[in-house]
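Chemist: Numbers 1 to 220, taken from our numbering, label the letters of the sequence shown in order.
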Amino acid sequence: MERTLENISDGKLYDIEDMVNADTKGCNGCSACCHNVGDLVALTPFDAYEIKSYLDISFDELIGNKITLRENNKVLLPYLKMQGEENRCSFLDAQNRCAIHAHRPNICRLFPLGRVYENNNFKYFLQVGSCLKPTLSPVKVSEWIGIQHYEANKELILIWHQLIKALAFRLKFVFDEKERQDIQNKLINAFYRIEVQEGEDFYAAFARVLPEAKRELGIL
Ligand code: SF4
Ligand code: SF4
Numbered sequence: 001m002e003r004t005l006e007n008i009s010d011g012k013l014y015d016i017e018d019m020v021n022a023d024t025k026g027c028n029g030c031s032a033c034c035h036n037v038g039d040l041v042a043l044t045p046f047d048a049y050e051i052k053s054y055l056d057i058s059f060d061e062l063i064g065n066k067i068t069l070r071e072n073n074k075v076l077l078p079y080l081k082m083q084g085e086e087n088r089c090s091f092l093d094a095q096n097r098c099a100i101h102a103h104r105p106n107i108c109r110l111f112p113l114g115r116v117y118e119n120n121n122f123k124y125f126l127q128v129g130s131c132l133k134p135t136l137s138p139v140k141v142s143e144w145i146g147i148q149h150y151e152a153n154k155e156l157i158l159i160w161h162q163l164i165k166a167l168a169f170r171l172k173f174v175f176d177e178k179e180r181q182d183i184q185n186k187l188i189n190a191f192y193r194i195e196v197q198e199g200e201d202f203y204a205a206f207a208r209v210l211p212e213a214k215r216e217l218g219i220l
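Structure, rendered in structure tokens:
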């Protein structure tokens, strides 16, 4: 059957203050949704910043070890790295817990929710049957996601979503390999190696580099 929003969700869209049946009440050693997700969990610049700050390592130290750079629609982005025969996320510890739980990527925070983008906004939907627990309990979406500075985070996600879409469109028409690689490297350099300056948080640093980075990438 074709995967459409109608047949993978409960048919509702949720806002941040809505209640949704998403609470697992603890995963108790299950780590099913942390396997085989290497091509699903792309890190935003904020996700990467959170992880590297928590682990006190550079973005380049994450590459190859914990994350993999891969192309999607010709855009090169960092994704979670899976490893071993079981294709486990490289952040899963021996007890099947996420070693970066409080700093895990935004997409991991959502599960079993997903996002639907529309008109430069997004809402959430419940991926019915995606969690192995037979019964999930009601929880407020904001509590489930548990992200600080929600509005700033949402704004960054929306800007990033638009930027990646625009860049994918631009790269459709770049046929020179070297030029394509040059654009890909500019994206990584501009947004994943941001130096947060004194008095700034990540959101302010992102906003500071955004106009020049877009100009360099050749997108509006
Ligand atoms: S980062 Fe953590 S929550 Fe996300 S897939 Fe890996 S182990 Fe699971
Ligand atoms: S499948 Fe459900 S219970 Fe298992 S780790 Fe994921 S969220 Fe937790």
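Note that beta-carbon positions come from the ideal geometry of N, C-alpha and C, so glycine has one too.
#1: Considering only DSSP beta bridges, list what residue 35 is partnered with.
#2: Among 200, 211, 217 and 192, which has the Cα closest to the Cα of residue 60?
#3: What is the DSSP secondary structure of residue 7, reduced to helix, strand or coil?
#4: Determine the direct distance from the alpha carbon of residue 172 to that of residue 133, and round the result to whole angstroms.
#5: Who are the near neighbours of residue 116 in its chain, counting only those whose CB is closer than 8 Å to its CB and skipping five residues on each side?
#6: Tell me which same chain residues have a C-beta within less than 6 Å of the C-beta of residue 83, skipping the five on either side of it?
#7: Any heavy atom of ligand 1 closer than 7 Å to the Cβ of residue 63?
#8: Measuring straight from C-alpha to C-alpha, what distance separates residue 47 and residue 105?
#9: Would the region 20 to 29 and the region 62 to 79 be scored as touching if the rule is three or more Cβ pairs under 8 Å?
#10: How would you label residue 184, buried or exposed, when you count the other beta carbons within 10 angstroms and need 16 or more for buried?
#11: When we look at the beta-carbon of residue 202 and count the other beta-carbons within 10 Å, is it buried (16 or more) or exposed?
#12: Could you tell me whether the region 15 to 23 touches the region 138 to 145, where touching means 3 or more Cβ pairs closer than 8 Å?
#13: So which residues touch the region around ligand 1, with touch meaning a C-beta under 5 Å from any heavy atom?
#14: Quick check for students: name the residue ranges of the beta strand (DSSP E) that lie wholly in the region 83 to 158, counting only runs of 3 or more.
#15: Taking all protein chains shown into account, do 16 or more other C-beta atoms lie within 10 angstroms of the C-beta of residue 206, making it buried, or fewer, making it exposed?
#16: Could you check where the beta strand (DSSP E) with residue 189 kicks off and where it finishes?
#17: Give me the Cα-Cα distance between residue 37 and residue 170, rounded to the nearest whole angstrom.
Modeler: Answer, in terms of the structure:
#1: 88
#2: Scanning 200, 211, 217 and 192 for the CA closest to the CA of residue 60 turns up 192.
#3: helix
#4: 41 Å
#5: 5, 13, 122, 123, 124 and 125
#6: 90
#7: False, no ligand heavy atom lies under 7 Å from that Cβ.
#8: 5 Å
#9: no
#10: buried
#11: buried
#12: yes
#13: For ligand 1, the residues with a Cβ under 5 Å from any of its heavy atoms are, in chain order, 34, 89, 91, 92, 98, 104 and 108.
#14: 113 to 118, 121 to 126 and 137 to 140
#15: Burial state of residue 206 is buried, judged by a 10 Å Cβ sphere holding 16 or more other Cβ atoms.
#16: Residue 189 -> not in any beta strand (DSSP E); alpha helix (DSSP H) instead, spanning 177 to 192.
#17: 27 Å
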